[in-house]
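Under UniProt numbering, the first residue of the sequence shown is numbered 1, with each subsequent residue one higher.
Only one structure is covered here, and it is reproduced in the block below.
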Amino acid sequence: MHQALKYISGYPEQVVAQISQIVDSGKFVPWFEQRHPSRHQIKSEKALFDFTLEIKNRYMKKTAPLSKVVWDNKIHLINNALGLHSYVSRVHGSKIKTKNEIRIASVFKDAPEALLRMLVVHELAHIKEKQHDKAFYHLCCHMEPHYHQLEFEGRLFMIYLELNNAK
């Protein structure tokens, strides 16, 4: 099995075999580029914050505010993750203040917009649902109806990056 297929190792055998066949034929990179011909233009952290806030305000108005959304160069290597959500609660007198931060792996600076949106939706869902349970995925699908397909394609994007960088 090709090393890049580690990103889809938890998927059914026939799915992995199908992707493996495309990788082994050398056609994966052009296939992926044809499937996702364009990339988003959200390069600055302000643009990323605005993009995330727009989704949050549309689907999660009553949740705690976001204090920061940033691109992170180290996230993929250190945490074996593509995005992180962190929160800190502090008591100020009789009030509790919560700071929510989202970090998105910098490799997604050049991703198709749908894949960035899927990742942002995933991290936003953690504001309300901390665990990856039924309620969490229900919320993800509420914000992004094609969430599960895009999550799979986000894994394919990681394979694409690995194969494209190996050229």
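Here a beta-carbon is modelled for each residue, glycine too, at the ideal position from N, C-alpha and C.
Within the same chain, show all residues whose beta-carbon is closer than 7 Å to that of R103, passing over the 5 residues directly before and after it, in chain order.
V70, D72, I75, G83, L84
With a cut-off of 8 Å on the beta carbons, I'd call A105 and F157 a contact; round off their distance for me.
With a Cβ gap of about 11 Å, A105 and F157 do not count as contacting.
May I ask you to report which of helix, strand or coil DSSP gives D133?
coil
In chain order, which beta strand (DSSP E) runs of at least 3 residues are fully inside the region 4-72?
66-72
With a CB to CB cut of under 8 Å and the five nearest residues on each side skipped, what residues in its chain are close to I19?
If we look at I19 and ignore the five residues flanking it on each side, its Cβ neighbours are L5, I8, F28, L156, I159.
Work out the CA separation of D50 and S67 for me, nearest whole Å.
12 Å
Which two residues bound the contiguous alpha helix (DSSP H) that contains E101?
No alpha helix (DSSP H) holds E101; the beta strand (DSSP E) holding it covers 95-105.
Across which residues does DSSP place G83 in a beta bridge pair?
I104
Let me know if E144 comes out buried or exposed under the rule of 16 or more other beta-carbons within 10 Å of its beta-carbon.
Note on E144: 16 or more other CB atoms within 10 angstroms of its CB, so buried under the neighbour-count rule.
For E153, the first and last residue of its enclosing alpha helix (DSSP H)
147-165
Alpha carbon to alpha carbon, how far is K95 from V16? Give it in angstroms, no decimals.
50 Å
To the nearest angstrom, report how far apart D24 and L124 are at their CA atoms.
36 Å
Go to K128, then tell me how far its alpha helix (DSSP H) extends in each direction, as first and last residue.
113-128
Just how far apart, CA to CA, sit S38 and S44?
18 Å
Below 8 Å between beta carbons: does that hold for T63 and V120?
It is not a contact, given that the beta carbons lie outside the stated cut-off.
So, with DSSP's three-state summary, where would you put H138?
helix
Beta-carbon separation (whole angstroms), E151 vs M118, contact threshold 8 Å
6 Å
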